[in-house]
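In this note's numbering, the protein residues as written are 6 to 128.
Every residue gets a Cβ at the ideal spot worked out from N, C-alpha and C, and that includes glycine.
For reference, the structure discussed in these notes is given below.
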Amino acid sequence: MRALIVEDSCATRTILSQILRGLGFQVVEAGDGSEGLVRLEETGGADLALVDWNMPGMNGIDFVRAVRRRAAHDSMRMMMVTTETELESIARALEEGADEYVMKPFTREVIAQKLELMGLWLE
Ligand SMILES: [Mg+2]
């Protein structure tokens with residue numbers, strides 16, 4: 006399975022990348038939403054995207070919206086990984102097309118559990 010990580014913090018990207026590689030994913034990284042869209046085109050898409058909300062440039066919610074407007078990546082599951090913890094934000098992300106939502110700080114177990122919920126990983 007292929008995963009795209011869209012996250013502006015290099016440290017968080019590295020941690021997410023290690024977790025996903027450990028779960029057997031091939032990982033591609035992007036520093037903001039527009040870079041994420043470019044990586045999707047370059048690589049032909051991914052099965053999963055982990056998306057930060059707050060990023061300079063194109064933010065996570067705009068990335069989710071942009072992906073869902075294009076039929077090309079309809080099957081890609083998207084999980085927001087963010088410090089935005091208000092119910093309103095969560096509802097908005099799901100409305101825009103995110104499939105799951107994880108709050109920072111996260112653990113490997115929480116990420117794995119959500120992937121399991123999405124049918125992307127089996128322990
Ligand atoms: Mg950020």
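With distances taken between CA atoms, P61 lies nearest to S14 out of S14, T112, K109.
Between the alpha carbons of R75 and E40 lies a distance of about 16 Å. In the three-state reduction of the DSSP assignment, R75 falls in the coil class, being assigned neither a helical nor a strand state. At least one heavy atom of ligand 1 is found less than 8 Å from the C-beta of S14. In the three-state reduction of the DSSP assignment, L53 falls in the strand class. Shortest gap from the CB of W126 to any heavy atom of ligand 1: 8 Å or more. The shortest CA-to-CA distance from R82 to any of E91, Y106, S94, E93 is the one to Y106.
Each residue's CA atom was taken as its position, placing N64 and K109 some 16 Å apart. By the 16-neighbour rule on beta-carbons within 10 angstroms, E12 is buried.
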